[in-house]
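Step one of this worksheet: look at the structure below.
Shown next, in the form of structure tokens:
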């Protein structure tokens, strides 16, 4: 029996880095991405085309794309916040762009000073333009479970926006638990509905570990048929001074669970440990998900030939 | 609709403390247990009747039992390694005793210098004696998924031992992932079989978080019908210098997930935060599961009346 493949989409170089107080230069970002590619990550969110004044961590993403390794085998994506960002991405030869549509009125207003309808229309326009340009478009649906301003997000609202994005030309919906508030029962409900309505191949999940439930939520989504998960190397994201506390679910935790369960990610766990260590060096901040300590010990034993 | 109840059996005062280099005296252990009871934990493994030379952390368990608070509403259990321990427990008025039966030949030999058949017979004898004495008997089945010496444990072996213990008079089987090696697919397989064969009311689960999968494993067991989980306050257990790294699944993580999913544990999350802090003080070592930071912030906000 051939093991089923699961895509792990690494978001450390964008979602992870943009929340860090320490900014990596182009060489640093490239070194990080090289370590990820060497570990077998073949789907990587490499950066975003946002104003360098607003997000200095992402300055120079166009130049970075020109230097990315293994572009034939690795799918690199970039986040585009608006039409200007989209044009910059297109000019830089980016093959996959993503937009962020928050699922509530207030979150959109607070984030980008536009209402939900207006943001939805703008995102739909970008997805349509990408499809016309032969660029793959992905739509993040943010605060899909709970909004810090409006509380629990009605699943029907997320389902409506999902259908709208797919109709506009999006190839993938990434359902994001932006504040790490989801529980596995909610995940089963919302993701189950989306998989039935839109097909598992169009649905991916993005979890944060704020309440410690990220990996359980991955399991719930997996059992609803999802085979595509965002994660961040070492749990990078959130506050840099509390690794793992409120960051993204760690890539090594997701890969270890999937591979242990007999699924196939194409990612090498020992090389992933090396990637966590490389990124920790670059950021001068210790990183690592819940399984990292065990994985590092295992990798060391494999190298040294020691017995368990 | 009345929410379904799930039992959370706190093992910090025994499984947690016995691995600590710092030994609490009777007053310290009692202070710990008081904090747990105040948080609403009504099932607590309070100690073990082992040789104080072998396990000094558990010396004086008989005296401790005489001082335990709320014995009408709290089910206190004690681990008994052999007939001598059982008699000491009975003499101390212990109402629930547990035995540990490792599911592999080598683990029993290494641990207690007895083979699997001999250990099985000894545990069955203790379960029968407890039943005859009107004491509730619980059987831990250790290394139920993987043994550090023999590798993966055949599920059929665990199922056979489970049936044997229930036949001998055990009221509850506690299926233990002693080295934290289980993944959710294995859990669903083994626990599903046990629930079908023996009934969910006789099956409990005990997970360690060595590979970061403990909470996902709790979810898998929950979905197979289990409504009884061991956990340890703050993730206590394993190495005291790497909190959470290889310890038991943290009580606060389990309770938060269950309550978030709409199940009822009877445990107060804010009081649980206070219990984690109390035990951290007693052991002079910072504790806390994956959700602790978020729970503590939430508890602080509730107290101070601050808005999220």
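Chains as they are written, first to last, in this note's numbering: chain A, 22 to 329; chain B, 22 to 329.
Cβ coordinates follow ideal geometry from the N, Cα and C atoms, glycine included.
Given the structure is predicted, the values throughout are model-derived calculations rather than measurements.
Show which residues of chain A have a CB atom less than 8 Å away from the CB atom of residue i.
i                      : result
residue 240 of chain B : 205, 237, 240 and 241
residue 230 of chain B : 311
Of all the CB atoms in chain A, is at least one closer than 8 Å to the CB of residue i?
i                      : result
residue 24 of chain B  : no
residue 148 of chain B : no
residue 128 of chain B : no
residue 291 of chain B : no
residue 278 of chain B : yes
residue 315 of chain B : yes
residue 263 of chain B : For residue 263 of chain B, the pLDDT reaches just 42, beneath the cut-off of 50, and the residue's location in the model is therefore unreliable, leaving the point undetermined.
Return the residue from the list the options that minimises the CA-CA distance to residue i.
i                      : options                       : result
residue 65 of chain B  : B:46, B:93 and B:178          : B:93
residue 229 of chain B : B:238, B:222, B:221 and B:117 : B:238
residue 192 of chain A : A:177, A:150 and A:165        : A:150
residue 199 of chain B : B:222, B:31, B:121 and B:59   : B:121
residue 161 of chain A : A:129, A:301 and A:320        : A:129
residue 220 of chain A : A:156, A:183, A:168 and A:318 : A:183
residue 156 of chain A : A:46, A:115 and A:104         : A:115
residue 178 of chain A : A:164, A:169 and A:170        : A:164
residue 39 of chain A  : A:111, A:236, A:257 and A:56  : A:257
residue 231 of chain A : A:243, A:197 and A:269        : A:269
residue 278 of chain B : A:233, A:241 and A:139        : A:233
residue 154 of chain A : A:125, A:166, A:134 and A:107 : A:107
residue 34 of chain B  : B:117, B:49 and B:109         : B:49
residue 207 of chain A : A:235, A:222, A:117 and A:46  : A:235
residue 123 of chain A : A:138, A:242, A:85 and A:69   : A:138
residue 171 of chain A : A:202, A:301 and A:84         : A:202
residue 140 of chain A : A:103, A:307 and A:204        : A:103
residue 113 of chain A : A:241, A:143 and A:69         : A:69
residue 71 of chain A  : A:250, A:133, A:252 and A:285 : A:133
residue 32 of chain B  : B:259, B:75 and B:91          : B:259
residue 226 of chain A : A:86, A:267, A:88 and A:250   : A:250
residue 117 of chain B : B:90, B:143, B:105 and B:86   : B:86
residue 301 of chain A : A:110, A:53 and A:23          : A:53
Excluding the 5 residues preceding and the 5 following residue i in the sequence, name in chain order all residues of the same chain whose CB lies nearer than 8 Å to its CB.
i                      : result
residue 273 of chain A : 254, 255, 290, 293, 294, 297, 309, 310, 312, 313 and 316
residue 73 of chain B  : 79, 80 and 81
residue 119 of chain B : 66, 98, 99, 100, 101, 158, 159, 160, 161 and 195
residue 88 of chain B  : 47 and 51
What residues from chain B crowd round residue i, counting only those whose CB sits closer than 7 Å?
i                      : result
residue 310 of chain A : 233
residue 211 of chain A : Near residue 211 of chain A there are no residues of chain B at all, since even the closest Cβ is about 14 Å away, more than 7 Å.
Going by beta carbon distance, what residues of the same chain come within less than 7 Å of residue i, once the five residues before and after it are set aside?
i                      : result
residue 245 of chain A : 209, 212, 213 and 216
residue 189 of chain B : 145, 148 and 149
residue 323 of chain B : 291
residue 152 of chain A : 158 and 190
residue 288 of chain B : 29, 60, 61, 62 and 276
residue 176 of chain B : 210, 211 and 214
residue 44 of chain B  : 77 and 78
residue 84 of chain B  : 47
Is there at least one Cβ from chain B nearer than 8 Å to residue i's Cβ?
i                      : result
residue 301 of chain A : no
Can you list the residues of chain A that residue i reaches, using a CB-CB cut of under 9 Å?
i                      : result
residue 283 of chain B : 204 and 206
So, at 6 Å on beta carbons, what are the nonlocal neighbours of residue i in its own chain, with the 5 sequence-adjacent residues on each side left out?
i                      : result
residue 248 of chain B : 27
residue 168 of chain B : 125, 128 and 174
residue 326 of chain A : Residue placement at residue 326 of chain A cannot be trusted, given a pLDDT of 48 that sits under 50; what the coordinates show is reported in the next sentence. Result list for residue 326 of chain A: empty, nothing under 6 Å.
residue 135 of chain A : 129
Does the beta-carbon of residue i, which I'm using as the reference point, lie nearer than 7 Å to any heavy atom of the ligand FMN?
i                     : result
residue 84 of chain A : Ligands displayed in this structure: none; no statement on the ligand FMN is therefore possible.
Name, please, each residue of chain A whose Cβ falls closer than 7 Å to the Cβ of residue i.
i                      : result
residue 274 of chain B : 233
Within the stretch 154-202 of chain A, ranges of the alpha helix (DSSP H) (whole runs, at least 4 residues): 176-189
At what residue ranges does the stretch 294-322 of chain B contain a whole run of the beta strand (DSSP E), taking only runs of 3 or more? none
Inside the stretch 102-161 of chain B only - beta strand (DSSP E) runs reaching at least 3 residues: 117-123
Counting only runs that start and end within the stretch 32-111 of chain B, where is the alpha helix (DSSP H) found for 4 or more residues in a row? 47-59 and 82-87
What are the complete alpha helix (DSSP H) segments, minimum 4 residues, inside the stretch 193-248 of chain B? Counting only runs of 4 or more, we get 205-219 and 235-244.
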